[in-house]
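Engineer:
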Amino acid sequence: MEHLKIGEFEELVLLTVGILHGNAYGITIKDEIEERLSRQVSVGALQITLRRLEKKGFLTSDHGESSKPRRGRPKLFFTITPYGKQAIEYSRQTRNELWDALPQFVLNL
Numbered sequence: 034m035e036h037l038k039i040g041e042f043e044e045l046v047l048l049t050v051g052i053l054h055g056n057a058y059g060i061t062i063k064d065e066i067e068e069r070l071s072r073q074v075s076v077g078a079l080q081i082t083l084r085r086l087e088k089k090g091f092l093t094s095d096h097g098e099s100s101k102p103r104r105g106r107p108k109l110f111f112t113i114t115p116y117g118k119q120a121i122e123y124s125r126q127t128r129n130e131l132w133d134a135l136p137q138f139v140l141n142l
């Protein structure tokens, strides 16, 4: 399952794209992560991660309509692919297996 392994930030981005289904573009993804997790996200790190996830086949992107406030540039919307869904399911399963393996005394510390 090596091909499904993703890093923590990649996982957060994929999950957030899923949460924003249909409205996932750079700024909405950034804002959602920052609001939900109280975690600052740099635009550069997010853009690099979105491109990497797209290159790996976990996301696809489509241009929206251009708008006057964006000086005619269209928004780039992202969607999770079935392969991306497998990656976040694999990540969840792996984390759950590790949590389930923790001895009770560790959880009670």
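Numbering (our numbering), first residue to last: 34 to 142.
No residue lacks a Cβ here, since even glycine has one placed at the ideal position from N, Cα and C.
#1: Quick check on histidine 96: does DSSP put it in helix, strand or coil?
#2: Examine the Cβ distances between the region 82-100 and the region 35-49 and report whether three or more of them are shorter than 8 Å.
#3: How many whole angstroms separate the CB atoms of valine 74 and lysine 63, which I take to be in contact at a CB cut-off of 8 Å?
#4: Alpha carbons only, please: which of Leu135, Ser71 and Leu92 is nearest the one belonging to leucine 37?
#5: Skipping 5 residues on each side, what residues in its chain have a beta carbon closer than 7 Å to that of serine 94?
#6: What would DSSP say about leucine 53, mapped onto helix, strand or coil?
#7: For arginine 72, which residues in the same chain have their Cβ closer than 7 Å to its Cβ, ignoring the five residues on either side in sequence?
#8: By DSSP, does leucine 109 sit in helix, in strand, or in coil?
#9: Take the Cβ of alanine 57 as the centre, count every other Cβ of all protein chains shown within 10 Å, and call the residue buried at 16 or more, exposed below.
Structural biologist: Reading off the structure:
#1: strand
#2: yes
#3: 5 Å
#4: Leu92
#5: Glu87, Leu109, Phe110 and Phe111
#6: DSSP, reduced to helix, strand and coil, places leucine 53 outside both helices and strands of the structure shown, so it counts as coil.
#7: Answer for arginine 72: Ile66, listed in chain order.
#8: strand
#9: Burial check for alanine 57: the Cβ neighbour count within 10 Å reaches 16 or more, so the residue is buried.
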